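Okay, so here's the structure we're looking at.
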Amino acid sequence: SMLRLANLLCQRLTFVGRPASVAARVFAIRRLTTPSTVSWLSERLSKQLSRMGALDVIRTAAEKGDDKAMALMGVCHAMGRDVEKDEVKAAEWFKQSAEKGNPEAALALGLWTLEGRGGQQADPVQAAAFLEIASVGGVPQAQTMLGIMLQEGTDITQDLKKAVKLFTQAADAGDGKAMYNL
-6 SMLRLANLLC QRLTFVGRPA SVAARVFAIR RLTTPSTVSW LSERLSKQLS RMGALDVIRT
54 AAEKGDDKAM ALMGVCHAMG RDVEKDEVKA AEWFKQSAEK GNPEAALALG LWTLEGRGGQ
114 QADPVQAAAF LEIASVGGVP QAQTMLGIML QEGTDITQDL KKAVKLFTQA ADAGDGKAMY
174 NL
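Quick note: the sequence shown, position 115, residue 108 per the working numbering, numbers continuous.
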């Protein structure tokens, strides 16, 4: 499979030498991979590549629809890493990634929607929907946050049974806030 080939390439290539030789190797790898594998390679190689080189690989994968790369582009824009800091663009990337089911992007977008960041109005109902995606994806912080919202029932319908279930899942994963709320 392509992932095995990419893994073999990563193990066999040593990224020592001029940046041009690194770029040539990355270009060769790009031609052999699918968008999701490009994203995976980008993450794996980012420590050895210049950050701008890694960003180009991530951007290419994101533009081809890879949810992990979209989430990474959101992080880059949110933090201003190798791109201009822009929370609106970050939120757009997070939203595209979350809509593809990426739990980490859904968590980020849920928290931002709750706070009204990224050019959005604060919307607890929409935030809960994004936190639900992240919770189903197994993100303990999302499970805890959604559990708190369901426990309090301030802006969404109170559901203590579901809140306890979410707290239990997050606590089983080691989340201290979830343990406290149980």
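The C-beta atom is built at its ideal place from N, Cα and C for all residues, glycine as well.
Predicted model, so just to flag it, every value in this text is computed and none were measured.
### Query
Would you call phenylalanine 132 buried or exposed, if buried means 16 or more other Cβ atoms sit within 10 Å of its Cβ?
It is valine, not phenylalanine, that sits at residue 132 in the sequence shown. Burial call: buried.
#### Entry: Contact belief for leucine 104 with proline 117 at Cβ below 8 Å, rounded distance in angstroms
With 8 Å as the limit, leucine 104 and proline 117 do not qualify as a contact, their Cβ atoms being about 11 Å apart.
### Query
Is the distance from the Cβ of glycine 94 to the Cβ of isoleucine 51 below 8 Å?
no
### Query
Roughly how many whole angstroms lie between the Cα atoms of valine 76 and cysteine 69?
7 Å
#### Entry: Runs of alpha helix (DSSP H) wholly within the region 38 to 84 (minimum 4 residues, chain order)
44 to 56, 60 to 72
### Message
glycine 130 and phenylalanine 160 - do their beta-carbons sit closer together than 8 Å?
### Response
no
### Task
Indicate whether tryptophan 86 and glycine 67 have their beta-carbon atoms separated by less than 8 Å.
yes
### Span separating the alpha-carbon of leucine 175 from that of alanine 122
22 Å
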